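Residue numbers (the working numbering), protein chains in the order written: chain F, 7 to 360; chain G, 7 to 360.
By construction, the Cβ of each residue, glycine as well, lies at the ideal position given by its N, Cα and C atoms.
It should be emphasised that the depicted structure is a prediction, and the values quoted were computed from it without experimental measurement.
Structure record follows, encoded as structure tokens.
Protein chains: 2
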Amino acid sequence: MKRHNFSAGPCILPQEVFQEASEAILNFNNSGLSILEISHRSKDFVDVMDEARNLALELLGLEGKGYKALFLQGGASTQFLMTAYNLLQKKAGYLNTGTWSDKAIKEAKLFGEVVEIASSKDANYNYIPKGYEIPKDLDYLHVTSNNTIFGTQMKDFPEVDCPLICDMSSDIFSRQIDFSQFDLIYAGAQKNMGPAGTTLVVVQEDILGKVSRAIPSMMDYKTHISKSSMFNTPAVYAVYVSMLTMRWLKNLGGIAAIEEMNDRKATLLYSEIELNPLFKGFAAKEDRSTMNATFSLTDEDLKETFDAMWQEAGINGLNGHRSVGGYRASMYNALSLESVGTLVDVMSELERKA
Amino acid sequence: MKRHNFSAGPCILPQEVFQEASEAILNFNNSGLSILEISHRSKDFVDVMDEARNLALELLGLEGKGYKALFLQGGASTQFLMTAYNLLQKKAGYLNTGTWSDKAIKEAKLFGEVVEIASSKDANYNYIPKGYEIPKDLDYLHVTSNNTIFGTQMKDFPEVDCPLICDMSSDIFSRQIDFSQFDLIYAGAQKNMGPAGTTLVVVQEDILGKVSRAIPSMMDYKTHISKSSMFNTPAVYAVYVSMLTMRWLKNLGGIAAIEEMNDRKATLLYSEIELNPLFKGFAAKEDRSTMNATFSLTDEDLKETFDAMWQEAGINGLNGHRSVGGYRASMYNALSLESVGTLVDVMSELERKA
Numbered sequence: 007m008k009r010h011n012f013s014a015g016p017c018i019l020p021q022e023v024f025q026e027a028s029e030a031i032l033n034f035n036n037s038g039l040s041i042l043e044i045s046h047r048s049k050d051f052v053d054v055m056d057e058a059r060n061l062a063l064e065l066l067g068l069e070g071k072g073y074k075a076l077f078l079q080g081g082a083s084t085q086f087l088m089t090a091y092n093l094l095q096k097k098a099g100y101l102n103t104g105t106w107s108d109k110a111i112k113e114a115k116l117f118g119e120v121v122e123i124a125s126s127k128d129a130n131y132n133y134i135p136k137g138y139e140i141p142k143d144l145d146y147l148h149v150t151s152n153n154t155i156f157g158t159q160m161k162d163f164p165e166v167d168c169p170l171i172c173d174m175s176s177d178i179f180s181r182q183i184d185f186s187q188f189d190l191i192y193a194g195a196q197k198n199m200g201p202a203g204t205t206l207v208v209v210q211e212d213i214l215g216k217v218s219r220a221i222p223s224m225m226d227y228k229t230h231i232s233k234s235s236m237f238n239t240p241a242v243y244a245v246y247v248s249m250l251t252m253r254w255l256k257n258l259g260g261i262a263a264i265e266e267m268n269d270r271k272a273t274l275l276y277s278e279i280e281l282n283p284l285f286k287g288f289a290a291k292e293d294r295s296t297m298n299a300t301f302s303l304t305d306e307d308l309k310e311t312f313d314a315m316w317q318e319a320g321i322n323g324l325n326g327h328r329s330v331g332g333y334r335a336s337m338y339n340a341l342s343l344e345s346v347g348t349l350v351d352v353m354s355e356l357e358r359k360a
Numbered sequence: 007m008k009r010h011n012f013s014a015g016p017c018i019l020p021q022e023v024f025q026e027a028s029e030a031i032l033n034f035n036n037s038g039l040s041i042l043e044i045s046h047r048s049k050d051f052v053d054v055m056d057e058a059r060n061l062a063l064e065l066l067g068l069e070g071k072g073y074k075a076l077f078l079q080g081g082a083s084t085q086f087l088m089t090a091y092n093l094l095q096k097k098a099g100y101l102n103t104g105t106w107s108d109k110a111i112k113e114a115k116l117f118g119e120v121v122e123i124a125s126s127k128d129a130n131y132n133y134i135p136k137g138y139e140i141p142k143d144l145d146y147l148h149v150t151s152n153n154t155i156f157g158t159q160m161k162d163f164p165e166v167d168c169p170l171i172c173d174m175s176s177d178i179f180s181r182q183i184d185f186s187q188f189d190l191i192y193a194g195a196q197k198n199m200g201p202a203g204t205t206l207v208v209v210q211e212d213i214l215g216k217v218s219r220a221i222p223s224m225m226d227y228k229t230h231i232s233k234s235s236m237f238n239t240p241a242v243y244a245v246y247v248s249m250l251t252m253r254w255l256k257n258l259g260g261i262a263a264i265e266e267m268n269d270r271k272a273t274l275l276y277s278e279i280e281l282n283p284l285f286k287g288f289a290a291k292e293d294r295s296t297m298n299a300t301f302s303l304t305d306e307d308l309k310e311t312f313d314a315m316w317q318e319a320g321i322n323g324l325n326g327h328r329s330v331g332g333y334r335a336s337m338y339n340a341l342s343l344e345s346v347g348t349l350v351d352v353m354s355e356l357e358r359k360a
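What follows is the structure in structure tokens.
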């Protein structure tokens, strides 16, 4: 039976990427060796790392603009810490739009003063704050573009005089934005980019080197830039599969092409949530994410029936996060419109049955 | 042609592990899903993580002795920093046996006083220092059990009153040691344990929580212990393949069985290096590593011939590190005696030819 994988992350990647990724475990580049057993200093792997770094900048339209792309380890959780380590001298601003922003704030507080410039915590983060004021003396402003747990997504980004940092873990490569408005973007790979185990960091080099503290080598972006992201052994396989996924996206037509498909999927599902009286959406309409749709049943008594129906249809990963409850349908780049259609069919079928 | 992979790391893993690891990319546990697209919170993956953590303790004979096993990200290079972050209050001792010890020392100096209790730098690290005195007031003593680059290996470990920390990246699971003499062991996976991208940390819990500094969440061993190594998304695939490799080792008879095979391989190669007048070893005889044999030609004019011969025989990864030159044959757990035999044959053949 075909599976429809709505998992929030790690999540679905293109089937053709899995195919190539599986073959490389047995015989990489016709070398007779597994990609898992070759030196990360071999030409074959250096080529992979270079292509991955170039593709990231190319897809984001950031080539030749002073940005460097790195593939690090430790996930976004390590970036919460590294951004502050490298950039927070006195005071930083954070927009609090959910669990991940909140965690980023907690880590930054160890390094300096943190101003929460706005928060939607009062409504369990079901909207994106707007109309806030931004202090003038910030070392940087940190925002989270998409909130996986709550299903909200920033549609516009604040204009600021200081460096703008964005945690783009759950919607990178999904929609056209002027990425040059950011000075540092980071993203754990395990949504639109690749498997868990590597983190993309894209940083405008000239914002670095301005804090007075000593930074440990592995925490210092400059270390990694100076070694082209190969200061120490990288997460070889995670970088490789990310490279394959970015190649797939490029061949598809890049972010412009995938955005159109993502919009179509989101429109299909949100229409059903709005029209079907058995469901209600969680996130404020204008802030709804094209990546993660959060919704629940209007009548909890239907839960057992609905759960059995979507599981029977081959759907996977639909349970909501415990902070929100209900359901969450994650519609990352590799998820087909057909899979969303299958879910919508089940939702309509429930309405007919109920 | 059969390949004989002597790569220093990432390096050879068992062929049957590659087979299973390749299949799991397409269909993991008969779920119809790739291991790369499932949630790390799914039962299937939680089982993998639990088995990996249990196998590590079981293989080391450390079950039920207050140790916790963690699979973190960032390699040994991140452990250089984390060990000091968590344990260095005033003064720590380091035994300097090579490049990696040296890097560990550099990071620790950011956190407190570091005493280099002995060093073999005077002889380009071709031996393990002995007979040194250890100060009484150390927060911990840090040693490196095996020095990949130089081909030396500690055969005995100092008895100390303070916690003993060991970087075991390149010889963990290769020989029987009383592992309970260490309070913290760490090892990048990419030699005897699995692919690059995860790092095993085995820590005696009661040494933690004694420094006064605030520790960022991701740098704090206690964070990871409290979440059973799942504080954030782990390096799913690297942990999975490490688990498969540890399972393979357990089925083989554990460390006792592999030690016997490793000894046999090392004996075969070192005998040839000693008996063949065309080669000389780099490391002091009593400190030679069973994992990495470093040697060079006595007559550099034979280099081109020798290089062509071993490459023709299907041998891979034999070039020495630039700090030492010559050759390095890494004989990790998964390398067969047959592969070492092939190399020895080529060395003998060179003698006959020359």
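### Query
In terms of residue numbering, what span does the beta strand (DSSP E) encompassing G/Val-120 cover?
The continuous beta strand (DSSP E) containing G/Val-120 extends over residues 119 to 125.
### Query
Taking the C-alpha atoms as reference points, what is the distance between F/Thr-84 and F/Lys-228?
Taken atom to atom, the span from the alpha-carbon of F/Thr-84 to that of F/Lys-228 is near 16 Å.
### Query
Taking only runs of the beta strand (DSSP E) that begin and end inside the region 285 to 355 of chain F, which ones reach a length of at least 3 residues, in chain order?
Listed in chain order, the complete beta strand (DSSP E) runs (minimum 3 residues) inside the region 285 to 355 of chain F are 285 to 287, 298 to 303, 333 to 336.
#### Entry: Close Cβ partners of G/Tyr-276 (< 8 Å) along its chain, the five nearest in sequence each way excluded
In its chain, beyond the 5 residues on either side, Gly-287, Arg-294, Ala-299 have a beta carbon closer than 8 Å to the beta carbon of G/Tyr-276.
### Task
For G/Thr-273, name the three-state secondary structure that DSSP assigns.
Note: G/Thr-273 maps to helix in three-state DSSP.
### Task
Using alpha carbons as the reference points, say which of G/Val-166, G/Tyr-73, G/Phe-77 lies closest to G/Asp-143.
It is G/Val-166 whose Cα lies nearest to the Cα of G/Asp-143.
### Query
Counting pairs of beta carbons, one from the region 198 to 206 of chain F and one from the region 307 to 322 of chain F, are three or more of them closer than 8 Å?
Not touching, per the Cβ criterion.
### Query
When you compare each of F/Glu-306, F/Leu-284, F/Ser-302 to F/Lys-359 by their alpha carbons, which one comes out closest?
Residue F/Leu-284 is the option with its Cα nearest to F/Lys-359.
### Query
What residues in its chain sit with their C-beta under 7 Å from that of F/Ala-110, if we drop five residues either side in the sequence?
Once the five neighbours on either side are set aside, the close Cβ partners of F/Ala-110 are Phe-86, Tyr-100, His-148, Asp-173.
### Message
Does F/Thr-311 pass the burial test, meaning 16 or more other C-beta atoms within 10 Å, or should it be called exposed?
### Response
Exposed is the call here.
### Task
Give the single residue among G/Gly-347, G/Ser-302, G/Ile-140 whose Cα lies nearest to the Cα of G/His-10.
The shortest C-alpha separation from G/His-10 is found at G/Gly-347.
### Secondary structure, alpha helix (DSSP H): runs of 4+ residues fully inside the region 23 to 71 of chain G
Counting only unbroken stretches of 4 or more residues, the alpha helix (DSSP H) elements lying wholly within the region 23 to 71 of chain G are 49 to 66, in sequence order.
### Task
Just the C-alpha distance for G/Phe-301 and G/Gly-332, rounded to the nearest angstrom, thanks.
Rounded to the nearest whole angstrom, the C-alpha separation of G/Phe-301 and G/Gly-332 is 6 Å.
### Task
Would you check if the region 113 to 125 of chain F and the region 109 to 125 of chain G touch, i.e. whether three or more CB-CB distances between them fall below 8 Å?
Fewer than three Cβ pairs drawn from the region 109 to 125 of chain G and the region 113 to 125 of chain F lie within less than 8 Å of each other, which leaves the two stretches out of contact.
### Task
Tell whether a beta-carbon distance below 8 Å holds between G/Val-245 and G/Ala-62.
No; because the gap between Cβ atoms is not below 8 Å, this pair is not in contact.
### Query
Sorted by chain position, which residues of the same chain lie with C-beta nearer than 7 Å to F/Glu-119's C-beta, five sequence neighbours on each side aside?
Within its own chain, the residues whose Cβ lies closer than 7 Å to the Cβ of F/Glu-119, once the five positions on either side in sequence are excluded, are Lys-96, Lys-97, listed in chain order.
### Task
Would you decide whether F/Ala-30 is buried or exposed? Buried here means 16 or more other CB atoms lie within 10 Å of its CB.
It is buried - the Cβ of F/Ala-30 has at least 16 other Cβ atoms within 10 Å.
### Task
Round the Cβ separation of F/Phe-24 and G/Leu-32 to the nearest angstrom and send it over; I've been treating them as touching at under 8 Å.
Contact flag correct, Cβ pair sits at about 6 Å.
### Query
the region 111 to 141 of chain G: which residues have C-beta closer than 8 Å to a C-beta of chain F, in chain order?
Answer set for the region 111 to 141 of chain G: Lys-112, Glu-113, Leu-116.
### Task
Classify G/Ala-314 as buried or exposed, calling it buried when 16 or more other Cβ atoms lie within 10 Å of its own Cβ.
Residue burial annotation: G/Ala-314 is exposed, with fewer than 16 other C-beta atoms found within 10 angstroms of its C-beta.
### Message
Please tell me whether F/Tyr-131 and F/Thr-154 are closer than 8 Å, where the distance is taken between their beta carbons.
### Response
Cβ distance not < 8 Å, so F/Tyr-131 and F/Thr-154 don't count as in contact.
### Task
Spell out whether any CB of chain G is found under 8 Å from the CB atom of F/Met-249.
The beta carbon of F/Met-249 does not come within 8 Å of any beta carbon belonging to chain G, so the residue lies off that interface.
### Message
Distance cutoff 8 Å, beta carbons only. Does G/Phe-24 sit that close to anything in chain F?
### Response
For G/Phe-24, the answer is yes, since a Cβ of chain F falls inside 8 Å of its Cβ.
### Coarse secondary structure for F/Val-245, derived from DSSP in three states
F/Val-245 falls in the helix class under three-state DSSP.
### Query
Using Cβ-Cβ distances below 9 Å, what residues of the region 25 to 44 of chain G are close to chain F?
Along the region 25 to 44 of chain G, going in chain order, the ones with a CB nearer than 9 Å to a CB of chain F are Gln-25, Ala-27, Ser-28, Glu-29, Ala-30, Ile-31, Leu-32, Ser-37, Gly-38, Leu-39, Ser-40, Ile-41, Leu-42, Glu-43, Ile-44.
### Message
Please return the same chain residues whose Cβ sits closer than 6 Å to the Cβ of G/Ile-191, not counting the five positions on each side in sequence.
### Response
Within the same chain, and ignoring the five residues on either side of G/Ile-191 in sequence, the residues whose Cβ sits closer than 6 Å to its Cβ are Cys-172, Met-174, Val-208.
### Message
What would DSSP say about F/Ala-75, mapped onto helix, strand or coil?
### Response
F/Ala-75: strand per DSSP, three-state reduction.
### Query
Going straight from the alpha carbon of G/Pro-135 to that of F/Leu-39, what length do you get?
A direct Cα-Cα distance of roughly 38 Å separates G/Pro-135 from F/Leu-39.
### Task
Report the rounded CA-to-CA distance for G/Ala-27 versus F/Tyr-146, giving the unit in angstroms.
If you take the alpha carbons of G/Ala-27 and F/Tyr-146, they lie about 43 Å apart.
### Query
How many Å lie between F/Met-297 and G/Pro-141 at the Cα?
Straight-line spacing of the CA atoms in F/Met-297 and G/Pro-141 works out to 57 Å.
### Message
Check whether the region 39 to 55 of chain G and the region 177 to 193 of chain G are in contact - that is, three or more C-beta pairs closer than 8 Å.
### Response
No, because fewer than three Cβ pairs between the region 39 to 55 of chain G and the region 177 to 193 of chain G fall closer than 8 Å, the two stretches do not touch.
### Query
Looking at chain G, which residues of the region 234 to 261 of chain F have a Cβ within less than 8 Å of any of its Cβ atoms?
Listed by position, the residues of the region 234 to 261 of chain F near chain G (Cβ gap below 8 Å) are Phe-237, Asn-238, Thr-239, Pro-240, Ala-241, Val-242, Tyr-243, Ala-244, Val-247.
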